[in-house]
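Below is one structure, written out as structure tokens; the observations come after it.
Below, the structure is given as structure tokens:
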């Protein structure tokens, strides 16, 4: 049995730890967990965001960089086993999107970790063949199933065989700010034009190619429309090439990566999100809290709707999306200022204080059960 005052040792594991959805959620939980109660280590493959390295150091989180899984899978998994074996962890919390988590969880089991959490953050994955092959075994190797939302849980674990842990973040940080709006728009050279925004990893899932097609139709109708795309990712060069050939390329801004999206939301007028699949995208919650009306793919879970989402099918012609975008009424600064208060009851469950309280209860219950089993 564990000594009463001994800290609970938790290892959070994931493949990619850039400034993305999963990385952001992990850092939010990591910073909010009580360090008097938890000894937290994040084990991730290289490369690692410098921002997260700094935040881990500042918040008492141990960070171990493993060899890249994509570069050398065998080396990555051996290093993971060694780290888990040496760490003597009470809990491994694996964040991912598919049955591929079975590999990390099996390694955790072999390393002697009794409590193994599989946490689903998406509603499908790129490699369905491997996912389907591993899924029956995957369901035998975790001891607790978590999901960011019902869609993500049903997809990976089956109906009702999981607990929903809403993606927690500091909701107050994303309230509309006129000061931020003016500063960002001034920096971008945008005055009274219609600024259409998008934040996401530049990849096939987020569907920025379709977004460019939508903007072509919007720009033909609205001569003052500007598109702001924020993010980096594997499809950057492809998107840059598409922009160069775009008839309205002089009205498209490729912003790159940001570690401070808060001010960008305030600068935007409309948020467009044509994803092919998602779990529960935090960016849509952030955008709505900022008072942004959103035009969103019907492949995204309805759980994310706080009341300002216009749902569209990605199977539709881009003209249909463009019609939805241009028909949206711009919110006044005053309306955006009061949005958060208006939807407080819906927003509350996504506050990091609520989410980390639930996570603490999950961890504590696992350890309590573990200790009771030893009696």
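Residue numbers (this note's numbering): 92 to 466. C-beta atoms are modelled at their ideal positions from N, C-alpha and C, and glycine is treated no differently.
In the three-state DSSP reduction, residue 180 falls in the coil class, being neither helix nor strand. Collapsing the DSSP output to three states places residue 109 in coil. For residue 323, the closest alpha carbon among the candidates 350, 187, 119 and 434 is that of 350. Nearest to residue 300 by C-alpha distance, out of 334, 267, 272 and 274, is 334. Within 10 angstroms of the beta-carbon of residue 228 lie fewer than 16 other beta-carbons, which makes it exposed. The three-state secondary structure of residue 103, taken from DSSP, is strand. Within the same chain, Cβ atoms closer than 8 Å to the Cβ of residue 134 are found at 102, 103, 104, 155, 157, 171, 174 and 175, the five residues on either side in sequence being excluded. Boundaries of the alpha helix (DSSP H) harbouring residue 430: 430 to 433, taken from the DSSP string.
Annotation: residue 238 is outside any alpha helix (DSSP H); the continuous beta strand (DSSP E) that includes it extends over 235 to 238.
Restricting attention to alpha helix (DSSP H) runs no shorter than 4 residues, the region 242 to 315 encloses them at 269 to 279 and 299 to 312, ordered along the chain.
By the Cβ test, the region 356 to 365 is not in contact with the region 326 to 333, since fewer than three Cβ pairs between them sit closer than 8 Å.
Residue 117 and residue 153 have their C-alpha atoms some 13 Å from each other. The distance from the Cβ of residue 237 to that of residue 256 is about 5 Å, consistent with a contact at the 8 Å cut-off. Note that the C-beta distance between residue 233 and residue 207 is below 7 Å. Under DSSP, residue 437 takes part in no beta bridge, so it has no partner. Note on residue 425: under 16 other CB atoms within 10 angstroms of its CB, so exposed under the neighbour-count rule. Annotation: residue 357 is outside any beta strand (DSSP E); the continuous alpha helix (DSSP H) that includes it extends over 352 to 358. In the three-state reduction of the DSSP assignment, residue 385 falls in the strand class, which pools E and B.
From the listed residues 383, 384, 403 and 204, the smallest Cα separation to residue 392 is found for 403. Residue 150 and residue 122 have their C-alpha atoms roughly 6 Å apart.
In the DSSP assignment, residue 207 falls within the beta strand (DSSP E) that extends over 206 to 211. For residue 416, the closest of 254, 364, 185 and 159 by C-alpha to C-alpha distance is 364. A distance below 8 Å between beta-carbons, with the five flanking residues on each side excluded, links residue 114 to the following residues of its chain, in chain order: 105, 107, 108, 140 and 143. When rounded, the separation of the alpha-carbon atoms in residue 215 and residue 248 is 12 Å. Classified as exposed, residue 127 has fewer than 16 neighbouring CB atoms from the shown chains inside 10 Å of its CB.
Judged by DSSP secondary structure, residue 201 falls outside any beta strand (DSSP E) and instead within the alpha helix (DSSP H) spanning 192 to 201.
In the structure shown, residue 422 falls within a coil segment according to DSSP collapsed to helix, strand and coil. Judged by DSSP in its simplified three-state form, residue 161 adopts coil rather than helix or strand.
When the Cα atoms are used, residue 263 and residue 272 turn out to be separated by approximately 16 Å. Contact check for residue 287 and residue 311: beta-carbon distance about 14 Å, past the 8 Å limit, so the pair fails to qualify. In this structure, residue 443 lies near residue 119, with their beta-carbon atoms less than 7 Å apart. Where residue 132 is concerned, there is no enclosing alpha helix (DSSP H), although the beta strand (DSSP E) around it starts and stops at 129 to 136.
By the neighbour-count criterion, in which a residue is buried when 16 or more other Cβ atoms sit within 10 angstroms of its Cβ, residue 184 is buried.
Residues of the same chain with a CB within less than 7 Å of the CB of residue 178, apart from the 5 flanking positions on each side, are 100, 102 and 132 in chain order. Nearest neighbour of residue 378 by Cα position, chosen from 449, 260, 331 and 368, turns out to be 260.
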